[in-house]
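Novice: The letter at position 9 of the sequence shown is residue 14 when you use the working numbering, and the numbering goes up by one with no holes. Here it is: the structure, laid out below.
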Amino acid sequence: MRLLPVFGVAMSILGSVIAGAAEHTTESLETVKQQLAQGKAVIVDVRESSEWDEGHLKDARLLSLSRLRKGVSPEELDKILTKDKVIYAHCAAGGRCLEAADRLKKAGFEIRPLKPGFRDLLAAGFEKAQE
């Protein structure tokens with residue numbers, strides 16, 4: 006019975022941590038496309054460079070999650086991303102972009118992770134970059 010209060014405190018802390026975690030944006034993909042077309046947003050691909058080399062979205066910027074995990078200086082981030090526009094993040098299936106979003110939010114970026122992955126975005130009409 007002594008463990009019950011400890012368990013309650015642990016669950017409370019865990020709930021606080023999870024509540025602060027990034028969630029996929031609820032914006033429609035049409036809204037995302039409009040924001041990108043109007044220059045109000047940019048899209049960042051957090052997949053690995055080998056995945057990027059196999060194909061990526063037109064005008065996307067590459068910033069792999071593995072690179073973010075290793076640590077990227079604020080100066081390097083500012084060369085890749087901008088703080089004056091919304092940043093939509095995508096990956097292959099919607100998972101890695103959540104972790105990337107958490108990291109980029111902590112760095113002061115307005116980031117909205119997309120649930121659809123690269124192939125789904127292509128199917129939804131996002132344009133693939135030409136080699």
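Even for Gly, the Cβ is constructed at its ideal location relative to N, Cα and C. A quick note: this is a predicted structure, and the numbers were derived from the prediction, not measured.
Closer than 8 Å is the cut-off here; do at least three beta carbon pairs connect the region 105 to 122 with the region 58 to 78?
Specialist: In this structure the region 105 to 122 touches the region 58 to 78; the number of beta carbon pairs closer than 8 Å is three or more.
Novice: Considering only DSSP beta bridges, list what Pro118 is partnered with.
Specialist: Ala94
Novice: Contact between the region 34 to 46 and the region 115 to 135 is defined here as three or more beta-carbon pairs at a separation below 8 Å; is this criterion met?
Specialist: yes
Novice: Could you spell out the range, first to last residue, of the beta strand (DSSP E) harbouring Ala46?
Specialist: Ala46 to Asp50
Novice: Taking Gln40 as part of the alpha helix (DSSP H), name the residues at either end of that continuous run.
Specialist: Leu34 to Ala42
Novice: In the DSSP assignment, what are the bridge partners of Lys133?
Specialist: Partner(s): Leu62.
Novice: How is the alpha helix (DSSP H) around Lys84 delimited, first residue to last?
Specialist: Judged by DSSP secondary structure, Lys84 falls within the alpha helix (DSSP H) whose first and last residues are Pro79 to Ile85.
Novice: Could you check the C-alpha separation between Leu86 and Asp50 for me, to the nearest Å?
Specialist: Approximately 11 Å, taken between the alpha carbons.
Novice: Over what stretch of residues does the alpha helix (DSSP H) that includes Asp107 continue unbroken?
Specialist: Arg101 to Lys111
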